[in-house]
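In order, the protein sequences belong to chains Y and G. Mapping to numbering that gives the first Met the number 0: the first sequence position 272 is 271, numbers consecutive. Mapping to numbering that gives the first Met the number 0: the second sequence position 145 is 144, numbers consecutive. For each residue, glycine too, the CB sits at the ideal point set by N, CA and C. Worksheet for the structure shown next.
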Amino acid sequence: MTDATLAALPPSPWVELWRDFRRNRGALIGLGIVAVLLLAALLADVIAPHPPAEQFREATLRAPSWEPVDGRRFVLGTDPVGRDVLSRLIHGTRLSLLIGLVSVGLSLSGGVLLGLVAGFFRGGIEFTIMRLMDIMLALPSLLLAVAVVAILGPGLMNAMYAIAIVMLPHFVRLTRAAVIGELAKDYVAASRIAGASTPRLMFDTVLPNCAAPLIVQATLGFSTAILDAAALGFLGLGAQPPTPEWGSMLASALEFIQSAWWVVTLPGLAILVAVLAFNLMGDGLRDALDPKLKR
Amino acid sequence: MIAFLLKRLALVLPTFVGITLLVFALIRLLPGDPVEALSGERGMTPERYARLLAEFGLDRPLPVQYLDYVWKALHGDLGFSTITHEPVFREFVARFPATIELSVVAMLLALAIGLPAGILAATKRNSVVDYTVMGASLAGYSMPIFWWGLLLILTFSVTLGWTPVSGRIAIQYDIPSVTGFMLVDSLLASDEGAFRSALSHLILPSIALGTIPLAVIARMTRSSMLEVLREDYVRTARAKGASTFRVVAIHALRNALIPVVTTVGLQVGTLLAGAILTETIFSWPGIGKWLVEAIHRRDYPAVQGGILLSATVIVGVNLVVDLLYGVINPRIRHH
């Protein structure tokens, strides 16, 4: 291949995506925060100053300060039983990202599968799947999540299942719509005529071309998952104490709201920042991937 | 129009069936059955167990039990709360006005701020105003409202002492309950102090509950307005020399509001779900708080009934919104 043909080639889709994404300042900020959260989650054991469950009985409800107590520093203060708030927040990051990863992973794989089936087998199967999704969409996400947790019982794992179920209809609808759009195109017909089997058509030929809306929805799904998991944790239906989950941290310190602002304010701030970061990133990705917005 | 109406109704029926199935599954998937729960620690003889099982109708095939449940639910019989022994339906109806009052005020607040903010952002696109509105809206959309509510209490109730911390009205006011809405009831009783008390109790919860709808409405209004402002007829109006205010308020707004109506309707569900959190924080005696308490007390008839009734209300509202949408936008009827 000569230099001339190389130059004429369009840039790879990833390079193009990054170019469009980079132009959006909000999206870059979101990406930056997500990167920091990811680092905090991965290195939680190294960077957290104290173990998240260790109780310093002589230092309960200490206000945030640089001044060390008996040689220990509690930069963001301690909670009612003397645990270091900063360390719990850092370990909470790990938990929140894990919640996002598991719920989005479950929901995405289930949704893609159902969406592909609905898109490929039009008619009865499609009708059944889509009506089922309509029913799920009719209920607001938190109410549905609460109902699912009421059936499964409170707990972190069940909260993740509940959130995955709540997000499922979005992934199914997006996949089906994208699949139906792609199926009308010539390259699919060509592949079919060449003898590709249905599973091959589904996963190899069509699915990669439906990725754009799914990537956006998955990113936004992280923010939904983190927010809903925190809400369930706050209601006592999600992660149970002493798990350092942001929502349940906040709930367990509720009675100290008047005397110790930091035990309530800081976990909430962590939730807001994480949710905001994923929303910014998702919006940026949508703008970058949406061909309608490109000239 | 009739065909459109029938089509929408036909879509609602399976939704309702699905919701009843979900709620029915709630009974069946519980560990243990109601009879076992009744027997308590002492246990019971197999004969008595079988008799009670038959008495509750739990020995019949599942489809029969399901149809029985739906038949009773359609007649307002949702069983009795295992804690208060009151009919679940009556408990729900007693608390529902509190939730409606809070939701209506929250929605009015969201509309009163969200619509002008969205319009302003659209007309001043890419200005500081636009960026501020969009930034605030994104923050509002990402807000954990249980935390936001606590911050409001911490600032305005605890620190500044401007508003009460929780409840619907100060304890010294005893207003006869006519409509169940404190604002209306206190006006009917012509008790100004009670009205003020009820209003001051409403401020913080409705701000907390209205934040997410506000953010969504502002965003939706902005993008819808931007789209309409690009239309040819708007350019024509401008070319004719109409003032910007006239173009926006008279020509563009009517069409820009069409998608906003749908958004507002869909937010009703969000409001009811948000009430679960808001009511818990502000000790607001509505169905959200009641539902959470019922889950914690394992009062399953109340949980089932509460979810079934809230879901029915939401589906009903969505249907009305759909129909309204068909009225204001005739094009949709033919799709």
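- In this structure, the beta-carbon distance from residue 193(Y) to residue 102(Y) does not fall below 9 Å.
- Here the stretch 176-188 of chain G makes no contact with the stretch 150-166 of chain G; the two share fewer than three CB pairs at distances below 8 Å.
- Taken in chain order, no unbroken stretch of beta strand (DSSP E) lies wholly in the stretch 117-198 of chain G with a span of 3 residues or more.
- When Cβ pairs closer than 8 Å are counted between the two stretches, the stretch 46-65 of chain Y is seen to touch the stretch 82-95 of chain Y, the count reaching three or more.
- By alpha-carbon distance to residue 281(G), the top candidate from 200(G), 258(G), 305(G) and 262(G) is 200(G).
- Secondary structure at residue 71(Y): strand, using DSSP grouped into helix, strand and coil.
- In this structure, residue 49(Y) and residue 86(Y) form a Cβ contact; the two beta carbons are roughly 5 Å apart against a cut-off of 8 Å.
- DSSP, read as helix, strand or coil, puts residue 255(Y) in helix.
- In the three-state reduction of the DSSP assignment, residue 55(Y) falls in the coil class.
- By the neighbour-count criterion, in which 16 or more other beta carbons inside 10 Å mark a residue as buried, residue 288(G) falls on the buried side.
- At a Cβ-Cβ threshold of 9 Å, residue 248(Y) and residue 91(Y) count as neighbours.
- Chain G places a beta carbon closer than 9 Å to that of residue 135(Y), counting this residue as a contact.
- Contact residues of the stretch 268-284 of chain G toward chain Y are 268, 269, 271, 272, 273, 275, 276 and 279 (C-beta to C-beta distance below 8 Å).
- Inter-residue distance for residue 266(G) and residue 52(G) is about 42 Å (C-alpha atoms, whole angstroms).
- Residue 280(Y) and residue 143(G) have their alpha carbons spaced roughly 18 Å apart.
- Contact between the stretch 234-243 of chain G and the stretch 193-212 of chain G is not established, with fewer than three Cβ pairs separated by less than 8 Å.
- CA-to-CA, the gap between residue 283(Y) and residue 295(G) works out to about 40 Å.
- Rounded to the nearest angstrom, the Cβ distance from residue 165(Y) to residue 182(Y) is 28 Å, too far for a contact under 8 Å.
- Here DSSP, grouped into helix, strand and coil, assigns residue 83(Y) to strand.
- Residue contact check for residue 264(Y) against chain G: a CB pair falls below 9 Å.
- Taken atom to atom, the span from the alpha-carbon of residue 13(Y) to that of residue 197(Y) is near 28 Å.
- One thing to note: residue 263(G) has its Cβ no nearer than 9 Å to the Cβ of residue 327(G).
- Counting along the chain, residue 216(Y) sits inside the alpha helix (DSSP H) bounded by residues 210-233.
- Within chain G, no C-beta atom comes nearer than 8 Å to that of residue 255(Y); the closest sits roughly 11 Å away.
- Distance from residue 202(Y) to residue 106(Y) at the Cβ level is roughly 18 Å; contact not present, criterion being Cβ atoms closer than 8 Å.
- The alpha helix (DSSP H) runs of length 4 or more contained entirely in the stretch 228-254 of chain G are, from start to end of the chain, 231-238.
- Taking C-beta atoms as the reference points, residue 99(Y) and residue 220(Y) count as a pair closer than 9 Å.
- By the neighbour-count definition (other C-beta atoms within 10 Å, threshold 16), residue 279(G) is a buried residue.
- The beta carbon of residue 17(G) sits closer than 9 Å to some beta carbon of chain Y.
- Residue contact with chain G for residue 140(Y): present (Cβ-Cβ distance below 9 Å to some residue of chain G).
- Interface with chain G (9 Å Cβ-Cβ cutoff): residue 208(Y) is excluded.
- In this structure, residue 200(Y) lies away from residue 167(Y), with their beta-carbon atoms at least 9 Å apart.
- Per DSSP, the unbroken alpha helix (DSSP H) holding residue 156(Y) starts and ends at 155-182.
- For the stretch 255-296 of chain G, the full-length alpha helix (DSSP H) segments reaching 4 residues or more read 286-295 along the chain.
- Put simply, of 98(G), 286(G) and 173(G) the residue whose alpha carbon is nearest the alpha carbon of residue 87(G) is 286(G).
- Membership of residue 19(Y) in the alpha helix (DSSP H) is indicated by the continuous run 12-21.
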